[in-house]
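Chains as they are written, first to last, in our numbering: chain A, 2 to 199; chain B, 2 to 199.
Report on one structure; see the data block that follows.
Protein chains: 2
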Amino acid sequence: MPEALQNLIRVLARLPGIGRRTAERMAYRLILRNQALLRDLQSALDRAARELTLCPRCGNLTSVEAVPCRICTDSNRDPAFLCIVEGAPDIQILEQARTFNGHYFCLQGKLSPHQQETITQPILERLLQRIQEDRVTEILLALNSDVESDATAAYLAEHLQPLGLRITRLAFGIPAGSGLAYSDPETLSRALKGRQAL
Amino acid sequence: MPEALQNLIRVLARLPGIGRRTAERMAYRLILRNQALLRDLQSALDRAARELTLCPRCGNLTSVEAVPCRICTDSNRDPAFLCIVEGAPDIQILEQARTFNGHYFCLQGKLSPHQQETITQPILERLLQRIQEDRVTEILLALNSDVESDATAAYLAEHLQPLGLRITRLAFGIPAGSGLAYSDPETLSRALKGRQAL
């Protein structure tokens, strides 16, 4: 196999969810059948590298021409209601649900008590500054439901509790369109703990 | 979502086996976490576009510095034993099996009696010329086992039969490491038809 082809396959296989076999099929498709696709991918990457940046306020992905991002500058949204997410993809998913009308703060990863303070401290300081500046009254933790996310929630709760804000977390329970028969014990256990009065 | 991000996701979703959701994850990974990966992919694509070409003899992917390709110029291989494949990825797969020691000819797709002659005729002419030049004595059709590949095999057999060569096709049957219980009826039917005396 020519080295340039092996190299392309190796790089493609570093993308999330892409195994060696899929990377091979992608590489062959890019080179053999479809020179247009290769050129389009080259220019899409160039453009993304040139035009995209992180919003300095919330950490969302935004165009270099819209800094701060469209969410941060939207006067119809409430800056006092702050949603903490792990990263920009989570903002995208929440925005699709069209129910949250506050602002965001990206952790750019997970936090945990085991991490070095040199990593967690600057994030926490930026968050505290933001809370003060925007006179935040409620913090919504929009985190996943795995062990590391629970640790992140606990870490944040511990450090934010003294401020006397309302701190909430997304509810856990049975997903919409699903039923008890399809839920695992952990999901059911969380749904039971979070049961609501009718 | 910024337009440059939407554009990158759209292009990535055109790759084989990549759905919208995977394309989104790939785009975010490329932009958010890993600027090194984005740059590596850019340079891998540039390099592939610059350094890779098709071997003018067999149609395999090769480096521009190795034309004809390493298989075509390997003096230990027998040019009189010609293997016909659909495309370069098939050559890769056959070479991994390390049992074929002849030369290759890529159809760059499938042939069928229903296709226009303007498409099939030039391919057939190149193949006939190759057979003559290399004094080919056996043609092995290394095609898949779907209806269109059967049509391709029938089309080639019809046009090559008059030359009086030996024409063979890869055997169909139960895959290695598998058993009757895991084989579909069509596979079993083909394995039965191709049964061999012990």
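C-beta: ideal position from N, C-alpha, C; glycine also.
Bear in mind the structure is a predicted one, so any value in this text is a computation, not a measurement.
Which residues in the same chain as T121(B) place their Cβ atom closer than 6 Å to its Cβ, once the five residues preceding and following it in sequence are excluded?
In the second sequence, the residue the question calls residue 121(B) occupies position 120. Within the same chain, Cβ atoms closer than 6 Å to the Cβ of T121(B) are found at L112, the five residues on either side in sequence being excluded.
Other residues of its chain near L142(B): CB distance less than 6 Å, five sequence neighbours each side excluded
Translated into positions along the second sequence, residue 142(B) becomes position 141. Taken in chain order, the residues that qualify are I85, A154 and R170.
Looking only at C-alpha atoms, which of N77(A), L55(A), C73(A) and S146(A) sits nearest to V65(A)?
The count along the first sequence starts at 1 and reaches residue 65(A) at position 64. Closest option to V65(A), judged by alpha-carbon separation, among N77(A), L55(A), C73(A) and S146(A): L55(A).
Three-state secondary structure (DSSP) of E126(A):
One-based indexing of the first sequence puts residue 126(A) at position 125. E126(A): helix per DSSP, three-state reduction.
Please name the residue in E52(A), I72(A) and A49(A) whose C-alpha comes closest to that of G60(A).
By 1-based counting over the first sequence, the position of residue 60(A) is 59. In terms of CA proximity to G60(A), I72(A) leads the group E52(A), I72(A) and A49(A).
Is the shortest distance between the beta-carbon of N8(B) and the beta-carbons of chain A less than 8 Å?
For the purposes of this step, residue 8(B) is identified with residue 7 of the second sequence, where counting begins at 1. Yes - at least one Cβ of chain A is within 8 Å of the one on N8(B).
Is it buried or exposed, P114(B), if we count other Cβ atoms within 10 angstroms and call 16 or more buried?
Position 113 of the second sequence, counting from 1, holds the residue named residue 114(B). So P114(B) ends up on the exposed side.
Going straight from the alpha carbon of A24(A) to that of I10(A), what length do you get?
For this step, residue 24(A) is matched to residue 23 along the first sequence. For this step, residue 10(A) is matched to residue 9 along the first sequence. Their backbone Cα atoms lie some 5 Å apart in a straight line.
Alpha-carbon to alpha-carbon, L128(B) and R191(B)
Translated into positions along the second sequence, residue 191(B) becomes position 190. Translated into positions along the second sequence, residue 128(B) becomes position 127. About 28 Å.
Would you mind sorting A5(A) into buried or exposed? The rule is 16 or more other CB atoms within 10 Å of its CB.
As a working mapping, residue 5(A) is identified with position 4 in the first sequence. By the neighbour-count rule (16 or more Cβ atoms within 10 Å), A5(A) is buried.
List, in chain order, every chain A residue whose beta-carbon is nearer than 9 Å to that of S64(B).
As a first step, residue 64(B) is located in the second sequence; it is residue number 63 there, counting from the start. What S64(B) touches in chain A: P3, E4, A5 and L6.
Limits of the beta strand (DSSP E) - the one that D79(A) falls within
Along the first sequence, one-based indexing puts residue 79(A) at 78. Counted as a single uninterrupted DSSP element, the beta strand (DSSP E) harbouring D79(A) occupies residues D79 to V86.
For I120(B), three-class secondary structure by DSSP
Taking the first residue of the second sequence as 1, we reach residue 120(B) at position 119. Looking at I120(B) - three-state DSSP - the assignment turns out to be helix.
Count the other CB atoms within 10 Å of the CB of I94(A); is the residue buried (16 or more) or exposed (fewer)?
Walking along the first sequence from the start, residue 94(A) turns up at place 93. Taking every protein chain shown into account, the CB of I94(A) has fewer than 16 other CB atoms within 10 angstroms, so this residue is exposed.
Tell me, which residues are paired with G103(B) by DSSP?
Taking the first residue of the second sequence as position 1, residue 103(B) is located at position 102. For G103(B), which the question treats as bridged, DSSP gives the partners D79(B).
Who are I140(A)'s beta bridge partners in DSSP?
As a first step, residue 140(A) is located in the first sequence; it is residue number 139 there, counting from the start. DSSP lists L83(A) and I168(A) as the beta-bridge partner residues of I140(A).
From which residue to which residue does the alpha helix (DSSP H) around L199(B) run?
To locate residue 199(B), count along the second sequence from 1; it is residue 198. That residue, L199(B), is in no alpha helix (DSSP H); it is neither H nor E in DSSP.
Listed in chain order, which residues of the segment 167-190 of chain A have Cβ atoms closer than 7 Å to some Cβ of chain B?
Those would be none; no residue qualifies.
For V86(A), would you say it is in contact with chain B, using Cβ-to-Cβ distances shorter than 8 Å as the test?
The residue labelled residue 86(A) in the question sits at position 85 within the first sequence. By this cut-off, V86(A) is not an interface position.
So is D47(B) buried or exposed if we call it buried at 16+ other beta carbons inside 10 Å?
Counting from one through the second sequence, the residue named residue 47(B) turns up at place 46. Only exposed fits D47(B), as fewer than 16 other CB atoms lie within 10 angstroms of its CB.
Would the beta-carbon of E159(B) be found less than 7 Å away from any heavy atom of the ligand HEM?
Ligands in the displayed structure: none, and consequently the ligand HEM is not present.
How many Å lie between L33(B) and D135(A) at the Cα?
Taking the first residue of the second sequence as 1, we reach residue 33(B) at position 32. Taking the first residue of the first sequence as 1, we reach residue 135(A) at position 134. Note on geometry: alpha-carbon atoms of L33(B) and D135(A) lie some 26 Å from one another.
Using the beta-carbon count (16 or more within 10 Å), is V148(B) buried or exposed?
If you number the second sequence from 1, residue 148(B) lands on position 147. Looking at its Cβ environment, which holds fewer than 16 other Cβ atoms inside 10 Å, V148(B) is exposed.
Using CA atoms only, rank isn't needed, just tell me which of T63(B), S179(B), V137(B) and Q162(B) is closest to G103(B).
For the purposes of this step, residue 103(B) is taken as the residue at position 102 of the second sequence. Residue V137(B) is the option with its Cα nearest to G103(B).
Let's see if you can read the secondary structure: which residues bound the beta strand (DSSP E) around L55(B)?
As a working note, residue 55(B) is residue 54 in the second sequence. L53 to L55 is the span of the beta strand (DSSP E), which, as asked, contains L55(B).
Apart from the five residues on each side of it in sequence, which residues of its chain come closer than 8 Å, Cβ to Cβ, to N77(B)?
Here residue 77(B) corresponds to residue number 76 of the second sequence, with the count starting at 1. The beta carbon of N77(B) sits closer than 8 Å to the beta carbons of N102 from its chain, once the five residues preceding and following it are set aside; these are given in chain order.
Over what stretch of residues does the alpha helix (DSSP H) that includes S113(B) continue unbroken?
Here residue 113(B) refers to the residue found at position 112 of the second sequence. Looking at the DSSP string, S113(B) is not in any alpha helix (DSSP H), and its letter there is neither H nor E.
For A177(B) and R22(B), what's the separation of their Cα atoms in angstroms?
Reading the second sequence from its first residue, position 176 is the one you call residue 177(B). Reading the second sequence from its first residue, position 21 is the one you call residue 22(B). Cα to Cα, A177(B) sits roughly 35 Å from R22(B).
Would E87(A) and L161(A) be called neighbours here (beta carbons separated by less than 8 Å)?
Sequence index remark: in the first sequence, residue 87(A) carries index 86 (1-based). Sequence index remark: in the first sequence, residue 161(A) carries index 160 (1-based). No, Cβ-Cβ distance for E87(A) and L161(A) is not below 8 Å.
Beta-bridge partners of L62(A), as assigned by DSSP
Position 61 of the first sequence, counted from the start, is the residue given in the question as residue 62(A). Per DSSP, L55(A).
Whose C-alpha, out of D75(B), I124(B), P3(B) and Q43(B), is nearest the C-alpha of L39(A)?
Taking the first sequence and counting its residues from 1, the one referred to as residue 39(A) is at position 38. Considering only alpha carbons, the answer is Q43(B).
Label T100(A) either buried or exposed according to how many other C-beta atoms from any shown protein chain fall within 10 Å of its C-beta, with 16 as the threshold for buried.
Start at 1 with the first residue of the first sequence, and residue 100(A) comes out as number 99. It counts as exposed.
Here's the rule: buried if 16 or more other CB atoms are within 10 angstroms of the residue's CB, otherwise exposed. What is R167(A)?
Within the first sequence, residue 167(A) is the residue found at index 166, counting from 1. Burial call: exposed.
Where the segment 25-49 of chain B meets chain A: residues whose CB sits under 9 Å from a CB there:
Result list: E25, R26, M27, A28, Y29, R30, L31, I32, L33, R34, N35, Q36, L38, L39, R40, D41, L42, Q43, S44, A45, L46, D47, R48 and A49.
Given this structure, state the Cα-to-Cα distance separating E96(B) from P90(B), to the nearest angstrom.
Within the second sequence, the letter at position 95 stands for residue 96(B). Within the second sequence, the letter at position 89 stands for residue 90(B). Each residue's alpha carbon lies about 10 Å from the other.
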